[in-house]
Amino acid sequence: MSGTIAELRRKIDSAGELQSVVRTMKAMAASSIGQYERAVQALEDYYRTVQLALSAGFRQMPTPLQDSGAQRGDRGKIVALVFGSDQGLVGQFNETLVEFTVTTLNAMPEDKTIWTIGERIQSRLAETPLPLDQRFALPISIDAITALVGQVLLALEAAREVGGVAQVFLFHNAPTAGSVYTPTVQRLLPLDEAWQHDLVALPWPTRNLPEVLQLGESALLAFVREYLFVSLFRTCAQSLASENASRLAAMQRAEKNIDELMDDLNRSFHRLRQNGIDEELFDLISGFEALAPNKPTPKEIPCV
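By the working numbering, the letter at position 290 of the sequence shown is numbered 276, and the numbering carries on one by one without gaps.
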């Protein structure tokens, strides 16, 4: 009996240590998710502003802005830039995105190559038939996203210079209201006439159409560079917000399961302990009765 109680005690101690780790991870995810959600909200507004600026500029352009890749007639590969996670304890965050990425890319007949951001997503994609190429470290804060975006843009420009990139797609998990996140894809490049036409077709928020003064190709290219930057920045921020939301949900489920396990272990421990105490009391009483002197037999009462 004592061995069983000792084993339960070890299990309770282990569950308590795991509960402490889960609560720490939950607190970290809860504190991080706020900054990423605020960043995503601010970036949505800024992204919309950049789109409207490009829309106003293209409305006044006499000829479409020619993308350098389109001018060279690039027929390179499709680059899929996949944003995942570096750490675990995020539920099905990476698995869901990998499944979505594989399904989406399999529907495209062109040659594909994968650029990954995050160690976990890189290891998951390595198990698929898709070819992996470059990989980047995932930022650990909002301030570190700028450096990542610069590295990615430089790598894309270098690849396009040698004619190895025809299209670029961004795959990531985006936070949603109805669920924790949902897999999303966005085409980043090329900036062709179809892309410019979609921007021109955007409805203007007021009845007065804008007029851009002293519009030149250099000014429009500056807006294009800002569009590429904010697109990558927003994608990374959305992925990080989704990752922390997924981790928070996973930690809440884990905490609930650990609480239930602790209750079961404590009930079993107290039941076994009480059974042990009862057995010791019964043994004590039995021993006392066995050692007690024999009681005198009552005298027989004569019958009258």
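For every residue, glycine included, the Cβ atom is placed at its ideal position computed from N, Cα and C.
Check the Cα spacing between Arg220 and each of Asn252, His158, Arg253: the tightest is with His158. At the C-beta level, Ala227 and Pro161 come within 8 Å of one another.
When rounded, the separation of the alpha-carbon atoms in Ala141 and Pro191 is 36 Å. If only complete runs of 4 or more residues are kept, the region 90 to 165 shows the alpha helix (DSSP H) at 105 to 111, 131 to 147, in order along the chain. In the three-state reduction of the DSSP assignment, Ala187 falls in the coil class. For Val68, the three-state secondary structure derived from DSSP is strand. For Arg(-5), the number of other beta carbons within 10 angstroms of its own is below 16, and it is reported as exposed. Leaving aside the five residues that flank Val166 on each side, the residues in its chain whose CB is nearer than 6 Å to its CB run, in chain order, Ala231, Ser232, Ala235. In the DSSP assignment, Val210 is bridged to no other residue. Taken through DSSP and simplified to helix, strand or coil, Thr168 comes out as strand. In this structure, the CA atom of Ile244 is about 34 Å from the CA atom of Gln27. The C-beta distance from Ile100 to Leu116 rounds to 5 Å, short enough to fall under 8 Å. Listed in chain order, the non-local C-beta contacts of Val135 below 8 Å within the same chain comprise Phe215, Leu218, Phe219, Cys222, local neighbours out to five positions each way being set aside. Per DSSP, reduced to three states, the secondary structure at Arg193 is coil, with no helix or strand assignment.
Residue burial annotation: Val138 is buried, with at least 16 other C-beta atoms found within 10 angstroms of its C-beta. DSSP, read as helix, strand or coil, puts Leu175 in strand. Annotated as distal: Phe255 and Ile19, with beta-carbon spacing of 8 Å or more. If you ignore the 5 residues before and after Gln21, its C-beta comes within less than 7 Å of the C-beta of Ile128, all in its own chain and listed in chain order. Taking C-beta atoms as the reference points, Val84 and Leu111 count as a pair closer than 8 Å. In this structure, Gly150 sits near Gly62, with a CB-CB distance shorter than 8 Å. The beta carbons of Glu96 and Ala152 sit closer together than 8 Å.
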